[in-house]
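Residue numbers (the numbering used here): 1 to 314.
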């Protein structure tokens, strides 16, 4: 359960960066994630998602900046007790049985919840006497989930956690993630390529491209900040006044029609000078449409919503 003494932020990153052999894998990474949120970190391969999670898990040393988890510096031993990390490759000891694996979790974690860990394992009909090396990929993922949840962390870091699960297991464990956040105040940060999963599960987003944070904030603030605009092109291009008055994240032209993902700076329909056939149509985009537009256009201005200030910076 989240400790109120650590403050309202589960993660505070300030100018965080990581350089590998002269190349920045992560750069100028700054955001704050409120406690109790289920947050998705989305971006193309190589965007920097796993690098950030590695820093948060103390597996990677940052080159610049600071990171605080649950109110304490990432290097503080207190952070280790409060944070659980599930890596993409889900490393487990192949010769251990499932029961021995859970016993190790109990011995290493003072807040261990054996009943919860066993419930997750038995939900997949996995024999406790089975050796890890004999399990399928989905079964190993379930055991790894049991270790992560059994720790009863305040912050749960997950790197592509659902990629090798069947639809039923994915639905079950997605529900468990949301229940833990709602009932125990557990903060969840998960990287994912499954945009439908993100839309269903998460109430907070981080969009990463080229090692930089391109969008961050609660979905309830990010979605209304965008509008999908369609209309006729002008000389085969998107009308210039659209970009002059508003922030165009991404635009496309097909024949004589254009579509653009826009962050409006004011009313979009207020164009009394426009001819009837030059009118624009506006639609509310889905979260998936917004995410795809941001990832296809990493050069677009960043949008970071800081809930403590209730303002949006672009």
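For each residue, glycine too, the CB sits at the ideal point set by N, CA and C.
Within its own chain, the residues whose Cβ lies closer than 6 Å to the Cβ of residue 97, once the five positions on either side in sequence are excluded, are 129 and 131, listed in chain order. Taking residue 115 as reference, the option from 107, 102 and 125 with the minimal CA-CA separation is 102. Residue 253 sits exposed, since fewer than 16 C-beta atoms from the chains shown fall within 10 Å of its C-beta. Pairwise C-beta distances place the region 53-73 out of contact with the region 195-207, as fewer than three of them are shorter than 8 Å. Just so you know, the alpha carbons of residue 39 and residue 152 end up roughly 18 Å apart. Residue 262 places its beta carbon less than 8 Å from that of residue 246.
Going by beta carbons, residue 83 and residue 173 fall outside the 8 Å limit. Residue pairing by DSSP leaves residue 196 without any beta bridge partner. When DSSP states are grouped into helix, strand and coil, residue 28 belongs to the strand group.
Out of 300, 180, 228 and 179, the CA that lies nearest to the CA of residue 207 is found in 300.
With contacts defined by Cβ atoms closer than 8 Å, residue 219 and residue 280 do not form a contacting pair.
Of the other Cβ atoms in all chains shown, fewer than 16 fall within 10 Å of the Cβ of residue 196; this residue is therefore exposed. Less than 8 Å separates the beta-carbon of residue 27 from that of residue 212. Looking at the DSSP output, residue 73 shares a beta bridge with 68. Collapsing the DSSP output to three states places residue 14 in a strand. The residue among 23, 34 and 148 with its C-alpha nearest the C-alpha of residue 305 is 34.
Looking from the CA of residue 176, the closest CA among 119, 160 and 139 belongs to 119. Contact between residue 36 and residue 125 does not hold, since their C-beta atoms are separated by about 32 Å, which reaches or exceeds 8 Å. Collapsing the DSSP output to three states places residue 174 in a helix. Residue environment: residue 57 is assigned as buried (16 or more neighbouring CB atoms within 10 Å of its CB, all protein chains considered). With fewer than 16 other Cβ atoms inside 10 Å of its own Cβ, residue 93 counts as exposed. In the structure shown, residue 215 adopts extended strand secondary structure according to DSSP, grouped into three states.
Residue state for residue 209 is assigned as strand, using DSSP reduced to three classes. In this structure, residue 233 sits away from residue 214, with a CB-CB distance that is not shorter than 8 Å.
Cβ-Cβ distances below 8 Å link residue 80 to 58 in the same chain, with the five nearest sequence neighbours on each side left out; the list follows chain order.
The DSSP-derived three-state label of residue 246 is coil. Residue 155 is bridged by DSSP to 83 and 187.
DSSP, reduced to helix, strand and coil, places residue 256 outside both helices and strands of the structure shown, so it counts as coil.
Take the alpha-carbon of residue 289 and the one of residue 192: they are about 16 Å apart. For the pair residue 186 and residue 19, the Cα-to-Cα distance works out to about 31 Å. Close CB contacts of residue 217 within its chain, under the 8 Å cut and outside five residues either way in sequence, are with 204, 205, 303, 304, 305, 306, 307 and 312 (chain order).
Sequence-distant partners of residue 54 (beyond 5 residues in either direction) whose C-beta falls short of 8 Å from its own C-beta, in its chain, are 60. Taking all protein chains shown into account, residue 67 has 16 or more neighbouring C-beta atoms within 10 Å of its C-beta and is therefore buried.
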